[in-house]
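Some notes on the structure that comes next.
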Amino acid sequence: MVYGAVHSLSAALIAVAIGLVVGTALGTLAGALAGRVESTIMRLVDVLLAIPSLLLQLTVIILLGFGTVNAAVAVGVAAIASFARLARAEVVRVRHSDYVEAARGSGGTFFAVFWRHILPNSLTAVLAFATLQFGQAMLALATLSFLGYGTPPPVPEWGLLIAEGRNYLSTAWWLTTFPGLAVVAVVLAANRLSRQWSGARP
Numbered sequence: 001m002v003y004g005a006v007h008s009l010s011a012a013l014i015a016v017a018i019g020l021v022v023g024t025a026l027g028t029l030a031g032a033l034a035g036r037v038e039s040t041i042m043r044l045v046d047v048l049l050a051i052p053s054l055l056l057q058l059t060v061i062i063l064l065g066f067g068t069v070n071a072a073v074a075v076g077v078a079a080i081a082s083f084a085r086l087a088r089a090e091v092v093r094v095r096h097s098d099y100v101e102a103a104r105g106s107g108g109t110f111f112a113v114f115w116r117h118i119l120p121n122s123l124t125a126v127l128a129f130a131t132l133q134f135g136q137a138m139l140a141l142a143t144l145s146f147l148g149y150g151t152p153p154p155v156p157e158w159g160l161l162i163a164e165g166r167n168y169l170s171t172a173w174w175l176t177t178f179p180g181l182a183v184v185a186v187v188l189a190a191n192r193l194s195r196q197w198s199g200a201r202p
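Written out as structure tokens, the structure is:
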């Protein structure tokens with residue numbers, strides 16, 4: 001189970017990285033440029049949000065094939081829309097703040113104000129959400145493996161261990177219980193860390 005932690009945690013990290021990088025880039029672009037660009041990006045985000053996460057993940061896996069990395073990519077793709085919406089909201093909020101208006105009034109160019117003031121102050125909430133999303137990615141990956149769409153045997157991924165151990169609950173309950181507790185512990189730890197990070201925001 002300890003060896004399986006490497007596969008479970010690394011897959012969750014890949015999923016969060018995909019959602020964070022792509023989603024934040026799209027949301028930041030929409031919030032910074034506004035107009036037709038914002039409208040196009042947010043319509044795409046709305047479409048992605050309208051699709052149930054599990055259905056979207058299964059669709060990506062069917063297109064890419066089975067495997068740990070492909071499952072992580074599927075979970076990451078499903079998270080892009082949430083990151084994009086949050087990043088766009090934060091950029092818009094910071095863009096209309098008093099200190100940004102003051103920076104513009106003092107002669108700062110759009111790109112200078114964006115890189116120095118808007119982007120750094122917009123990322124705090126996004127990074128806190130990424131911490132929360134790590135726990136959700138762990139749960140999603142475990143679900144996919146449990147259903148048979150994630151990491152294939154004999155890789156000791158936690159979700160797969162839960163699925164394979166369920167047939168022996170009456171004689172070897174620990175085969176399912178300990179991997180399940182590990183998933184729960186990671187999810188709770190990620191939620192706790194995200195709340196602390198969010199509470200530390202100025």
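If you use the UniProt record's numbering, the sequence shown corresponds to residues 1 to 202, in order. Just so you know, even glycine gets a beta-carbon here, dropped at the ideal spot from N, CA and C. This structure is a prediction, so every number in the text was calculated from the model and none was measured.
(1) In this structure, does DSSP put F66 in helix, strand or coil?
(2) For L48 and I162, what's the separation of their Cα atoms in angstroms?
(3) What distance in whole Å lies between the Cβ atoms of A15 and A72, which are believed to be in contact at a cut-off of 8 Å?
(4) Quick one: is Y149 buried, meaning 16 or more other Cβ sit within 10 Å of its Cβ, or exposed?
(5) Where S106 and L127 are concerned, what is the direct C-alpha to C-alpha distance, given to the nearest angstrom?
(6) By how many angstroms is the C-alpha of V6 removed from the C-alpha of F134?
(7) Less than 9 Å separating the beta-carbons of M138 and A78?
(8) Return the first residue and the last residue of the alpha helix (DSSP H) that W158 is part of.
On the basis of the supplied data:
(1) The residue you call residue 66 lines up with position 66 of the sequence shown. Coil, per DSSP.
(2) Counted from its first residue, the sequence shown places residue 48 at position 48. Counted from its first residue, the sequence shown places residue 162 at position 162. Going by the C-alpha atoms only, they are around 30 Å apart.
(3) Indexing the sequence shown from 1 puts residue 72 at position 72. Indexing the sequence shown from 1 puts residue 15 at position 15. With a Cβ gap of about 5 Å, A72 and A15 count as contacting.
(4) Numbered from 1 along the sequence shown, position 149 holds the residue referred to as residue 149. Buried: at least 16 other Cβ atoms inside 10 Å.
(5) Indexing the sequence shown from 1 puts residue 106 at position 106. Indexing the sequence shown from 1 puts residue 127 at position 127. Approximately 30 Å between the Cα atoms of the pair.
(6) By 1-based counting over the sequence shown, the position of residue 134 is 134. By 1-based counting over the sequence shown, the position of residue 6 is 6. The alpha-carbon atoms of F134 and V6 are separated by roughly 14 Å.
(7) One-based indexing of the sequence shown puts residue 138 at position 138. One-based indexing of the sequence shown puts residue 78 at position 78. It is not a contact, given that the beta carbons lie outside the stated cut-off.
(8) Position 158 of the sequence shown, counted from the start, is the residue given in the question as residue 158. Residues W158 to G165.
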